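K.L.:
For the record, in the sequence shown the residue sitting at position 143 is 143 according to UniProt numbering, with numbers rising by one throughout. Backbone N, C-alpha and C fix where the C-beta goes; we use that ideal spot for every residue, glycine too. Since the structure is predicted, the reported quantities are computational estimates derived from the model, not experimental observations.
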Amino acid sequence: MLGISGGVDSTVAARMAQLAAERLRLAGKRAFFVAVRLPYGQQHDEADAARALDFIQADHVMQVDIQPAVDAQRDALEAAGLLFSDKSAEDFVVGNIKARQRMVAQYAIAGAMDCLVIGTDQAAEALMGFFTKHGDGAADLLPLRGLTKRRVRALGVVLGAPARLITKLPT
């Protein structure tokens, strides 16, 4: 299972996972792929996520809104006396809470459905340390780990992903 953002990394990793599940089933194995949307309320790029899901053609699609859990965590921290020095510091902390909450939800689904969590970290993110520890960087499988962003995009082209998702700037 994999969380779908609508970006090239999740689109490519998810399509590869779906293709792998289909091949395994042809070989008589039990395999399925679950694509999960994990928005924080209403996402501004929801159309891209829908476009990605149309391309991926996942066996199962789920959506879990992480906003109630994230907001409850922030409220609990503030009730405990945590004060952010400024809006930038708050955005940074809450951004990491969102990433970790996405993984909490994914591992809950994986546990209930007896499947593995697939991560989307690629080589540039690993090299630069651009991930949330115990968040989006946590996964059972990291199929893009050794690929640069350029190679992930090239793989997207080979797989036939929508051009808009291949060229979309990361957020």
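According to DSSP, simplified to helix, strand and coil, what is Met62?
P.N.:
strand
K.L.:
Going by DSSP, name the residue or residues bridged to Arg37.
P.N.:
Ile4 and Gln63
K.L.:
Give me the Cα-Cα distance between Leu155 and Asp140, rounded to the nearest whole angstrom.
P.N.:
21 angstroms
K.L.:
When the distance is taken between beta carbons, is Ile66 closer than 9 angstroms to Ile98?
P.N.:
Before going on, a small fix: residue 98 reads as Lys here, not Ile. Cβ atoms of Lys98 and Ile66: closer than 9 angstroms.
K.L.:
Do you know offhand how far Ile4's Cα is from Thr167's?
P.N.:
16 angstroms
K.L.:
To which residues does DSSP link Leu141 through a beta bridge?
P.N.:
Ile118
K.L.:
If we require 3 or more residues per run, which beta strand (DSSP E) segments fall completely within the stretch 46-106?
P.N.:
60-63
K.L.:
Across the stretch 110-126 and the stretch 140-153, are there enough close Cβ pairs to call them in contact, namely three or more that are closer than 8 angstroms?
P.N.:
Touching, per the Cβ criterion.
K.L.:
Is it buried or exposed for Arg153, if we count other Cβ within 10 angstroms and need 16 for buried?
P.N.:
buried
K.L.:
Going by DSSP, what residue range makes up the alpha helix (DSSP H) through Leu165?
P.N.:
Ala163 to Thr167
K.L.:
Rounded to the nearest angstrom, how far is the Cβ of Val8 from that of Leu165, given a contact under 8 angstroms?
P.N.:
6 angstroms
K.L.:
So Ala49 and Gln43 are in contact, right, with Cβ under 8 angstroms, and what is the actual spacing, rounded?
P.N.:
About 7 angstroms; that satisfies the 8 angstroms criterion.
K.L.:
Our contact map puts Arg100 next to Gly137 with C-beta atoms below 8 angstroms; I'd like the distance itself, whole angstroms only.
P.N.:
Contact doesn't hold; Cβ gap of about 10 angstroms is too wide.
K.L.:
Exposed or buried, Pro39, counting other C-beta atoms within 10 Å across all chains shown (16 or more means buried)?
P.N.:
buried
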